[in-house]
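K.L.:
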Amino acid sequence: MMSNLMAVELSIKSDQGGLCNGKMTWFVVLSCMMAAMGGVIFGYDIGITGGVTSMEPFLEKFFPKVYRKMKEDTEISNYCKFDSQLLTSFTSSMYVAGFIASFFASSITKAFGRKPSILLGGAAFLAGAALGGAAFNVYMLIFGRVLLGVGVGFANQAVPLYLSEMAPPRYRGAINNGFQFSIGIGALSANLINYGTEKIKGGWGWRISLALAAVPATILTLGAVFLPETPNSLIQLTDDTERAKLMLQRVRGTEDVQAELDDLIKASSISKTVEHPFKNIIKRKYRPQLVMAIAIPFFQQVTGINVIAFYAPILFRTIGLGESASLMSSVVTGIVGTGSTFISMLVVDKLGRRALFIFGGVQMLVSQIMVGGIMAAQLGDHGGVGEGYAYVVLILICVYVAGFGWSWGPLGWLVPSEIFPLEIRSAGQSIVVAVSFLFTFIVAQTFLAMLCHFKSGIFFFFGGWVVVMTAFVYYLLPETKNIPIEKMDRVWREHGFWNKIVGEMDEQTKIEAA
Numbered sequence: 217m218m219s220n221l222m223a224v225e226l227s228i229k230s231d232q233g234g235l236c237n238g239k240m241t242w243f244v245v246l247s248c249m250m251a252a253m254g255g256v257i258f259g260y261d262i263g264i265t266g267g268v269t270s271m272e273p274f275l276e277k278f279f280p281k282v283y284r285k286m287k288e289d290t291e292i293s294n295y296c297k298f299d300s301q302l303l304t305s306f307t308s309s310m311y312v313a314g315f316i317a318s319f320f321a322s323s324i325t326k327a328f329g330r331k332p333s334i335l336l337g338g339a340a341f342l343a344g345a346a347l348g349g350a351a352f353n354v355y356m357l358i359f360g361r362v363l364l365g366v367g368v369g370f371a372n373q374a375v376p377l378y379l380s381e382m383a384p385p386r387y388r389g390a391i392n393n394g395f396q397f398s399i400g401i402g403a404l405s406a407n408l409i410n411y412g413t414e415k416i417k418g419g420w421g422w423r424i425s426l427a428l429a430a431v432p433a434t435i436l437t438l439g440a441v442f443l444p445e446t447p448n449s450l451i452q453l454t455d456d457t458e459r460a461k462l463m464l465q466r467v468r469g470t471e472d473v474q475a476e477l478d479d480l481i482k483a484s485s486i487s488k489t490v491e492h493p494f495k496n497i498i499k500r501k502y503r504p505q506l507v508m509a510i511a512i513p514f515f516q517q518v519t520g521i522n523v524i525a526f527y528a529p530i531l532f533r534t535i536g537l538g539e540s541a542s543l544m545s546s547v548v549t550g551i552v553g554t555g556s557t558f559i560s561m562l563v564v565d566k567l568g569r570r571a572l573f574i575f576g577g578v579q580m581l582v583s584q585i586m587v588g589g590i591m592a593a594q595l596g597d598h599g600g601v602g603e604g605y606a607y608v609v610l611i612l613i614c615v616y617v618a619g620f621g622w623s624w625g626p627l628g629w630l631v632p633s634e635i636f637p638l639e640i641r642s643a644g645q646s647i648v649v650a651v652s653f654l655f656t657f658i659v660a661q662t663f664l665a666m667l668c669h670f671k672s673g674i675f676f677f678f679g680g681w682v683v684v685m686t687a688f689v690y691y692l693l694p695e696t697k698n699i700p701i702e703k704m705d706r707v708w709r710e711h712g713f714w715n716k717i718v719g720e721m722d723e724q725t726k727i728e729a730a
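Per our numbering, numbering through the sequence shown is continuous, rising by one, with the last residue being 730.
(1) What residue from Met-561, Val-659 and Pro-694 has the CA that sits closest to Ala-390's CA?
(2) Mapping DSSP to helix, strand and coil, what is Gly-323?
(3) Could you give the C-beta distance for Ala-269 and Phe-306, rounded to a whole number, given that I count them as a contact under 8 angstroms?
(4) Measure the C-alpha to C-alpha separation of Lys-703 and Val-631 and round it to an integer number of angstroms.
(5) Is the beta carbon of Gly-520 closer than 8 angstroms to that of Gln-584?
(6) Is the beta carbon of Ile-559 sitting closer than 8 angstroms to the one on Val-587?
(7) Can you tell me which of Gly-553, Lys-277 and Trp-420 puts its alpha carbon nearest to the alpha carbon of Met-580?
(8) If we count Cβ pairs, one from each stretch, closer than 8 angstroms, do we get three or more for the region 679 to 696 versus the region 464 to 479?
(9) Where does Phe-653 fall in DSSP's three states?
(10) In chain order, what are the residue ranges of uninterrupted alpha helix (DSSP H) at least 4 long that sit wholly in the region 256 to 297?
(11) Following the continuous alpha helix (DSSP H) through Ser-487, name the residue where it begins and the one where it ends.
(12) Measure the Cβ-Cβ separation of Arg-366 and Phe-395 and say whether it is below 8 angstroms.
(13) Please state whether the Cβ-Cβ distance between Ala-351 and Tyr-260 is less than 8 angstroms.
(14) Do the region 456 to 473 and the region 687 to 696 meet, that is, are 3 or more Cβ pairs less than 8 angstroms apart?
(15) Pick from Val-659, Asn-715 and Lys-501: whose alpha carbon is nearest that of Ser-308?
(16) Just verifying my parser: in three-state terms, what is the DSSP assignment at Trp-420?
(17) Let me make sure I understand the geometry here. Which of Cys-668, Phe-279, Asp-705 and Lys-566 has the alpha-carbon closest to that of Tyr-387?
(18) Determine the DSSP secondary structure at Lys-331, reduced to helix, strand or coil.
(19) Please classify Gly-625 as buried or exposed, where buried requires at least 16 neighbouring CB atoms within 10 angstroms.
(20) Is Ile-717 near the ligand NAP - that is, is its Cβ less than 7 angstroms away from at least one heavy atom of it?
(21) Pick from Pro-504, Met-310 and Ala-430: whose alpha carbon is nearest that of Gly-712?
(22) Roughly how many angstroms separate the alpha carbons of Ser-642 and Gly-344, rounded to a whole number?
(23) My guess is that Thr-325 and Leu-379 are in contact by the Cβ rule of under 8 angstroms, so how many angstroms apart are they, rounded?
(24) Comparing alpha-carbon positions, which option in Ile-510, Glu-276, Glu-458 and Leu-543 lies nearest Gly-412?
(25) According to the Cβ coordinates, are Ile-590 and Val-609 closer than 8 angstroms?
(26) Quick one: which unbroken alpha helix (DSSP H) runs of 4-plus residues sit fully inside the region 594 to 641? Chain order, please.
(27) Does the distance from the CB of Ala-346 to the CB of Ala-430 come in under 8 angstroms?
(28) So for Lys-415, helix, strand or coil by DSSP?
(29) Pull up the distance between the alpha-carbon of Gly-568 and that of Lys-697, whole angstroms please.
(30) Among residues of its own chain, excluding the 5 on either side of Ala-371, which ones have a beta-carbon nearer than 6 angstroms to its beta-carbon?
(31) Are any of the Cβ atoms in chain C nearer than 8 angstroms to that of Gly-418?
(32) Classify Gly-619: buried if its beta carbon has 16 or more other beta carbons within 10 angstroms, exposed otherwise.
(33) What residue from Thr-265, Glu-634, Gly-348 and Ala-606 has the CA that sits closest to Met-508's CA?
(34) Ends of the alpha helix (DSSP H) at Glu-381?
(35) Using 8 angstroms as the cut-off, can you tell me whether the region 645 to 659 makes contact with the region 313 to 324, which would need three or more C-beta pairs spanning the two stretches below that distance?
(36) To the nearest angstrom, how far is the alpha carbon of Met-250 from that of Val-441?
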């Protein structure tokens with residue numbers, strides 16, 4: 217928690233430019249810290265799953281086939297030990313539920329505001345954590361996961377929007393990256409907890425791991441009761457401009473908010489004319505936003521990061537580290553990821569989004585090719601790799617995680633949450649979350665089978681995607697730093713490629729108006 221505050225304070229000192237009035241206020245900092253608990257929950261869940269599924273008592277109780285295969289079957293290839301559809305569906309059930317929930321979340325977020333969605337997310341999460349910790353058969357376990365998925369679907373849809381709307385434009389990058397930073401904190405605490413509970417003699421440690429998800433969920437649910445609604449949302453919901461103006465003054469810490477308020481009112485009146493945001497977002501004038509809403513979360517998943525996050529302990533066991541060592545090495549990668557996201561919070565509003573995307577992409581590519589090369593050369597179907605090599609792979613995976621931590625990790629949430637005009641913002645964010653869940657699901661569902669068939673080639677497969685996405689950013693993504701969120705449409709009109717698509721639209725509108 218303290219580190220979030222430090223990040224915010226540091227970013228305040230760093231940049232005094234900008235187009236809208238407003239300084240960072242305690243009011244914003246506290247609201248955003250509460251909301252970012254949604255990220256802690258999501259991260260905790262990603263981290264806990266990978267560790268719990270490599271714990272032997274857990275496998276023995278719920279997935280006896282995998283356990284037997286791991287223990288007794290000496291014929292089986294290193295790369296195929298954990299390939300079980302049931303085990304994978306334990307991990308993936310959450311993403312399917314999240315995928316479906318994010319569409320319902322869109323209409324709730326638009327009709328009732330950002331706050332009720334965050335509240336609902338926290339409540340569903342609490343129920344899921346309780347079921348997971350108390351599970352005595354595989355159905356309870358998976359039903360608990362589905363509830364967690366509903367919680368995450370609501371939280372991931374509402375929280376990034378909440379953060380982007382609350383933040384002053386010139387600190388928007390830092391505050392929104394706080395969401396990914398919280399995901400990192402969540403994943404890191406999960407790894408540490410797994411490392412501890414795995415040592416419990418009675419073999420019931422996994423229950424503690426699963427039930428502790430209730431801690432951030434409680435904070436989020438209670439906090440959401442006290443969270444203020446965003447000014448953008450107030451205007452959209454009530455038309456009460458005075459109330460929105462007071463809220464904006466509190467949030468920005470200054471009396472002079474008229475310019476920003478006018479932008480919000482204008483955006484809101486446009487958004488009121490839109491009856492079906494999902495139909496609307498398909499129109500040509502929103503083409504760049506739609507392309508980004510699908511491409512960015514898709515690319516974020518095919519960087520291969522979730523593979524590292526979910527299956528790091530399994531991966532490290534594959535190359536021959538023991539149970540405890542592999543949980544510990546996940547802690548190391550967790551620290552690296554969180555650290556690099558923290559750095560990204562400090563520099564994203566200075567260096568801009570594009571520079572971080574491209575730099576991180578190159579870094580990820582190089583380390584993936586090297587890991588793939590070592591595993592291809594050293595790890596056959598049987599036996600492990602030498603200890604030296606196992607640590608080299610660990611270091612390279614850290615380099616890779618750092619690259620992700622300051623590029624695609626935080627920016628994959630930041631860029632989509634800041635590019636949509638208000639009239640399609642809720643729908644756009646839903647598409648982002650849905651695409652993200654859909655591909656997380658596909659990657660999680662197929663990864664263990666792919667590892668089994670591609671073997672070390674899997675790193676080259678993801679490396680290929682990193683090349684594609686880095687080129688995509690280079691040619692198609694305009695820079696969005698420091699631009700007020702309701703003035704974002706002009707970056708597309710000034711962009712070489714998108715201008716051909718949305719620029720023509722503007723010409724037509726002018727002709728029609730005349």
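For glycine and all other residues, C-beta sits at the position ideal for the given N, C-alpha and C.
P.N.:
Here's the rundown:
(1) Met-561
(2) One point to set straight first is that residue 323 is Ser, not Gly, in the sequence displayed. Note: Ser-323 maps to helix in three-state DSSP.
(3) First, the amino acid is wrong: residue 269 is Thr here, not Ala. Yes, they are in contact, since the Cβ atoms of Thr-269 and Phe-306 sit about 7 angstroms apart, within 8 angstroms.
(4) 14 angstroms
(5) yes
(6) no
(7) Gly-553
(8) no
(9) helix
(10) 272 to 278 and 280 to 288
(11) 474 to 488
(12) The sequence given here has Val at residue 366, not Arg. No; because the gap between Cβ atoms is not below 8 angstroms, this pair is not in contact.
(13) no
(14) no
(15) Val-659
(16) coil
(17) Lys-566
(18) helix
(19) buried
(20) This structure lacks the ligand NAP; in fact it carries no ligand of any kind.
(21) Pro-504
(22) 25 angstroms
(23) Not quite, the Cβ-Cβ distance comes to about 13 angstroms (not below 8 angstroms), so this is no contact.
(24) Leu-543
(25) yes
(26) 603 to 622 and 624 to 635
(27) yes
(28) coil
(29) 6 angstroms
(30) Gly-254 and Gly-337
(31) The structure shown contains no chain C; it is built from a single protein chain.
(32) buried
(33) Glu-634
(34) 354 to 382
(35) yes
(36) 10 angstroms
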